[in-house]
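What follows is a set of notes on a single structure, which appears directly below.
In this note's numbering, the protein residues as written are 871 to 987.
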């Protein structure tokens with residue numbers, strides 16, 4: 871059995887301290903690795919009242935740089951909001967940087983706020 875950690879990086883009520891939340895998510899991932907967890911995943915949301923993370927691949931890159939064996943992934947990238955070639959190139963680059971530790975999850979999304987311009 872394998873165990874993973876999911877971090878939504880929510881910061882109610884308005885995302886005022888998103889930098890602190892990201893630092894905490896990175897520290898949680900390091901602790902998860904030290905505790906024997908196998909993976910850490912980050913989701914994508916936009917324009918959310920709770921300050922949800924808009925760029926999961928960037929945070930996954932930071933986690934990969936600060937860990938040695940923890941797999942990093944997305945749960946999920948909202949593919950309709952991105953050019954698929956750009957996503958593929960970014961994920962491949964992260965996979966190379968992390969030495970093969972990336973797990974890609976994509977989805978279509980469900981929150982209207984994610985699709986507002």
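All C-beta atoms, glycine included, are put in the ideal place defined by N, C-alpha and C.
Range of the contiguous beta strand (DSSP E) that encloses residue i
i: residue 878; result: Element bounds for residue 878: n/a, residue is neither H nor E.
Exposure of residue i, with buried meaning 16 or more beta-carbon neighbours within 10 Å
i: residue 915; result: buried
i: residue 925; result: exposed
i: residue 967; result: exposed
i: residue 940; result: buried
i: residue 937; result: buried
i: residue 985; result: exposed
i: residue 959; result: exposed
i: residue 930; result: buried
Residue i to residue j span [Cα, whole Å]
i: residue 971; j: residue 983; result: 31 Å
i: residue 897; j: residue 954; result: 30 Å
i: residue 961; j: residue 974; result: 7 Å
i: residue 948; j: residue 891; result: 21 Å
i: residue 965; j: residue 895; result: 20 Å
i: residue 980; j: residue 901; result: 31 Å
i: residue 923; j: residue 904; result: 24 Å
Element boundaries [alpha helix (DSSP H), containing residue i]
i: residue 986; result: No alpha helix (DSSP H) contains residue 986, which DSSP labels as neither H nor E.
The region 906 to 919 in contact with the region 873 to 881 per 3-pair CB rule at 8 Å: yes
Those runs of the beta strand (DSSP E) which lie wholly inside the region 909 to 984 and span at least 3 residues: 909 to 912, 941 to 944
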